[in-house]
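Trainee:
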């Protein structure tokens, strides 16, 4: 059992380790180690295409994670107060949303939005009061929307777990002490679920930042970092790609570990 | 379970008179025909009750009897299915909890874990609009902490406090708002026995000092008897009887109340004859017991004759004038001030006798297996509705 586990971990992590290792390669080939160097990191950070893609990725991740946290918190709190089949139905849909493969979300969002835009653009042009009517198209908006949809489900699940562990009497006590429902949310519920909200935000950020599949379909003319990496691999793998990958990996790990720590401390303080 | 402590407590209330000036004033809260259904379950069934300003009232009953539902309807967490909940004369059936001048001490305290002790206590004050000045909030919080004897604990975190201290914080958080009603939902359930005793005395002192109307929900008869001005005995969603502890003890409406308030021996039978307020009840084997009927009974009605264990005496030989019942002693438990005997009569079966130490100095103690005579005054036997 232990030896199988060791093999599983080896298969999982050796390629990742190799990528990180070769990012420090002094040579220009990704298959041959020729001494230690950090030159590829410098090159990657100076590459305007990489920085452009990074900026797109960060913007999309930040906005979609913020939207997912806000809407996800609202949905989780609302669901907590619901009863019976409606709640069960919503819960089921949320779990389904998490389990749907990214490629399905990507294709569905692409087809859905393109169809919608085809209908909306002529209509907008018809009612636009003057000048050139705006053309709705794929891009930042669709990227953020698709990522928000997917990561919101994660946020809801995380916050629902936290809310379920919270003593219901706390909200009642707050209400008994003259706090309006909004006051109770602001002064009791939100502070108590905040670690979960923050963890959800970080997780959403990581998912959005790392996502390639959904972004590939809905990015339109925008290039996110994963899309850039994918396209540059077709032009040959250089250690620069390894350096980008290692940086993304490090950032993601930091965010994931932070979110886990948040969830744990939140639970202990309960 | 039989406990001896409660009897002396009931008697100790003799020196204290419940607030009588309020008896004529209009009630501070009222339940009028209040019914609450949860789906198929009838949690509260036609509750009628007037709560007087300044009194200490307890809802007493086993779990699931509807006492907590009654409390939650007063707090505003539940809306009655029918009937009226009134506060200060106004119907408040659907008034939100945060609009009611009522505060609650929750069973598990429900203190806010992310706030300090002082912030917890000041929570209700901070919700007031316009918001009171900070100095005033601080002053009130400090005085509430003094009342519950936790001065100096302002900056503590909730999880740094013991269970008893947490309960005091919960109490302070409620009384600092000077509510019209203070609701206590089994507040002592999580405390150990010794702490509970202390808190009971302290709660009573605080209630009398502040003059706030306290409504306590409990399943602990001892707690209800020792603390309350009045007790409302509940069962299956209904109020069985409401009255002062002594009244419930001396004049229980039925067998349920007699069994719930104190301990009693019950002998089931049917009424054979009536003579003024005295009913004669045929038990079995031709044995007939006489007792006072507090409520009208009819001949043939199935009733229980209730005799409190301390009202029975054990003697070696019956003197004239009293009916004696030959019994044998099955068991003896020494309880210090009292001795409890389990005795058996051939036809009446087993019953309990409580003998004060004073009586045993001359005659007794008796040993298991001894043949004795049990005697009691006919006036101390009560004929009660069996239900």
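Chains as they are written, first to last, in my numbering: chain A, 4 to 273; chain B, 284 to 670. Built from N, CA and C at the ideal position, the CB exists for glycine as well.
1. Starting from the C-beta of residue 377(B), find all residues in its chain whose C-beta is less than 7 Å away, skip the five residues before and the five after it, and write them out in chain order.
2. Give the secondary structure of residue 286(A) by DSSP, where H, G and I count as helix, E and B as strand, and everything else as coil.
3. Select from 622(B), 518(B), 505(B) the residue whose C-alpha is nearest the C-alpha of residue 529(B).
4. Which residues, in order along the region 406-419 of chain B, keep a beta-carbon less than 8 Å from a beta-carbon of chain A?
5. Going along the region 180-203 of chain A in order, which residues come within less than 7 Å of chain B, judged by CB to CB distance?
6. Check for me: the beta strand (DSSP E) holding residue 608(B) runs from which residue to which?
7. Please name the residue in 39(A), 224(A), 121(A), 7(A) whose C-alpha comes closest to that of residue 141(A).
8. Could you pull the start and end residues of the alpha helix (DSSP H) that residue 138(A) belongs to?
9. Between which two residues does the beta strand (DSSP E) containing residue 190(A) stretch?
10. When you compare the CB of residue 178(A) with every CB in chain B, is at least one pair closer than 8 Å?
11. Please report the Cβ distance between residue 666(B) and residue 576(B), rounded to the nearest whole angstrom; I am assuming they are in contact, meaning their Cβ atoms lie under 8 Å.
12. Could you say if the region 216-232 of chain A and the region 48-65 of chain A meet the contact criterion of at least three C-beta pairs nearer than 8 Å?
13. Using a Cβ-Cβ cut-off of 8 Å, state whether residue 175(A) counts as contacting chain B.
14. Looking at the secondary structure, which residues open and close the beta strand (DSSP E) in which residue 590(B) lies?
15. Could you compute how far the alpha carbon of residue 128(A) sits from the alpha carbon of residue 136(A)?
16. Listed in chain order, which residues of the region 382-406 of chain B have Cβ atoms closer than 7 Å to some Cβ of chain A?
17. My output table needs one value for residue 181(A): the three-state DSSP class, helix, strand or coil.
18. Considering only their Cβ atoms, is the gap separating residue 513(B) from residue 313(B) smaller than 8 Å?
19. What are the boundary residues of the beta strand (DSSP E) that residue 672(B) is part of?
20. With DSSP collapsed to three states, give me the class of residue 67(A).
21. Is residue 597(B) helix, strand or coil when you go by DSSP?
22. Specify whether the region 418-433 of chain B and the region 363-373 of chain B touch according to this definition: at least 3 beta carbon pairs, one from each stretch, less than 8 Å apart.
23. In chain order, what residues of the same chain have a beta carbon less than 8 Å from the beta carbon of residue 324(B), not counting five sequence neighbours either side?
24. Is the Cβ of residue 578(B) closer than 8 Å to any Cβ of chain A?
25. Below 8 Å between beta carbons: does that hold for residue 482(B) and residue 450(B)?
26. So, helix, strand or coil for residue 236(B), using DSSP?
27. Can you have a look at residue 558(B) and say buried or exposed, based on whether 16 or more other CB atoms are within 10 angstroms of its CB?
28. Name the chain B residues that come within less than 8 Å of residue 172(A), Cβ to Cβ?
29. Do residue 194(A) and residue 397(B) have their beta-carbon atoms positioned less than 8 Å apart in this structure?
30. Report yes or no: do three or more beta-carbon pairs, one from the region 565-584 of chain B and one from the region 635-650 of chain B, lie closer than 8 Å?
31. Report the rounded CA-to-CA distance for residue 246(B) versus residue 517(B), giving the unit in angstroms.
32. In angstroms, rounded to a whole number, what distance separates the CA positions of residue 646(B) and residue 464(B)?
33. DSSP state of residue 94(A), grouped into three classes?
34. Give a yes or no on whether the minimum CB-CB distance between residue 380(B) and chain A is below 8 Å.
35. Which of the three DSSP states, helix, strand or coil, is assigned to residue 12(A)?
36. Closer than 7 Å between beta carbons: that is the criterion. Which residues of the region 345-367 of chain B meet it against chain A?
Mentor: Considering the structure as presented:
1. Walking along the second chain from the start, residue 377(B) turns up at place 94. So the qualifying residues of the chain are 362.
2. The structure shown does not extend to residue 286(A), since chain A is modelled only from 4 through 273, so no value can be given for it.
3. Looking up residue 529(B) in the second chain gives position 246. Of the listed residues, the one whose Cα sits closest to residue 529(B) is 505(B).
4. Per Cβ criterion, the list reads 406, 407, 410, 411.
5. Flagged, chain order: 180, 181, 182, 183, 186, 191, 194, 195.
6. Numbered from 1 along the second chain, position 325 holds the residue referred to as residue 608(B). From DSSP, the beta strand (DSSP E) with residue 608(B) extends over 607-617.
7. Position 138 of the first chain, counted from the first residue, corresponds to residue 141(A). Checking every option, the nearest Cα to that of residue 141(A) belongs to 224(A).
8. Against the first chain, residue 138(A) aligns to sequence position 135. Counting along the chain, residue 138(A) falls outside any alpha helix (DSSP H), and DSSP gives it neither H nor E.
9. For the purposes of this step, residue 190(A) is taken as residue 187 along the first chain, with counting starting at 1. Counting along the chain, residue 190(A) falls outside any beta strand (DSSP E), and DSSP gives it neither H nor E.
10. Mapped onto the first chain, residue 178(A) falls at position 175. With 8 Å as the cut-off, residue 178(A) counts as an interface residue toward chain B.
11. The residue labelled residue 666(B) in the question sits at position 383 within the second chain. The residue labelled residue 576(B) in the question sits at position 293 within the second chain. With a Cβ gap of about 4 Å, residue 666(B) and residue 576(B) count as contacting.
12. yes
13. Position 172 of the first chain, counted from the start, is the residue given in the question as residue 175(A). With respect to chain B, the C-beta atom of residue 175(A) has a partner C-beta closer than 8 Å.
14. The sequence position of residue 590(B) within the second chain is 307, counting from 1. Counting along the chain, the beta strand (DSSP E) containing residue 590(B) begins and ends at 585-590.
15. By one-based count along the first chain, residue 128(A) stands at place 125. By one-based count along the first chain, residue 136(A) stands at place 133. C-alpha separation (whole angstroms): 5 Å.
16. So the list reads 386, 387, 389, 391, 393, 395, 396, 397, 406, given in the order they occur along the chain.
17. Your numbering for residue 181(A) matches position 178 in the first chain. Three-state DSSP puts residue 181(A) in coil, outside helix and strand.
18. Indexing the second chain from 1 puts residue 313(B) at position 30. Indexing the second chain from 1 puts residue 513(B) at position 230. The answer is no: Cβ separation not under 8 Å.
19. The requested residue 672(B) does not occur in the structure, where chain B is confined to residues 284 to 670.
20. Start at 1 with the first residue of the first chain, and residue 67(A) comes out as number 64. The answer is helix: DSSP assigns residue 67(A) an H, G or I state.
21. Counting from 1 along the second chain, the entry for residue 597(B) is found at position 314. Three-state DSSP puts residue 597(B) in a strand.
22. Taking 8 Å as the limit for Cβ pairs, the verdict is that the region 363-373 of chain B does not touch the region 418-433 of chain B.
23. For the purposes of this step, residue 324(B) is taken as residue 41 along the second chain, with counting starting at 1. Excluding positions up to five away in sequence, the list is empty.
24. Counting from 1 along the second chain, the entry for residue 578(B) is found at position 295. False, the Cβ-Cβ gap to chain A never drops below 8 Å.
25. One-based indexing of the second chain puts residue 482(B) at position 199. One-based indexing of the second chain puts residue 450(B) at position 167. Taking 8 Å as the Cβ cut-off, residue 482(B) and residue 450(B) qualify as a contacting pair.
26. Residue coverage of chain B in this structure runs from 284 to 670, which leaves residue 236(B) outside it and unanswerable.
27. Position 275 of the second chain, counted from the first residue, corresponds to residue 558(B). Classification for residue 558(B): exposed.
28. Your numbering for residue 172(A) matches position 169 in the first chain. Under the 8 Å cutoff, chain B gives 389, 390, 391, 393.
29. Sequence index remark: in the second chain, residue 397(B) carries index 114 (1-based). Sequence index remark: in the first chain, residue 194(A) carries index 191 (1-based). Closer than 8 Å, so yes.
30. no
31. This structure leaves residue 246(B) out entirely; chain B is present only between 284 and 670.
32. Sequence index remark: in the second chain, residue 646(B) carries index 363 (1-based). Sequence index remark: in the second chain, residue 464(B) carries index 181 (1-based). Answer to the nearest angstrom: the Cα atoms are 52 Å apart.
33. What you label residue 94(A) is simply residue 91 of the first chain in a count that begins at 1. Looking at residue 94(A) - three-state DSSP - the assignment turns out to be helix.
34. Stepping through the second chain from its first residue, residue 380(B) is reached at position 97. Closer than 8 Å: yes.
35. Counting from 1 along the first chain, the entry for residue 12(A) is found at position 9. Residue 12(A): helix per DSSP, three-state reduction.
36. 358, 360
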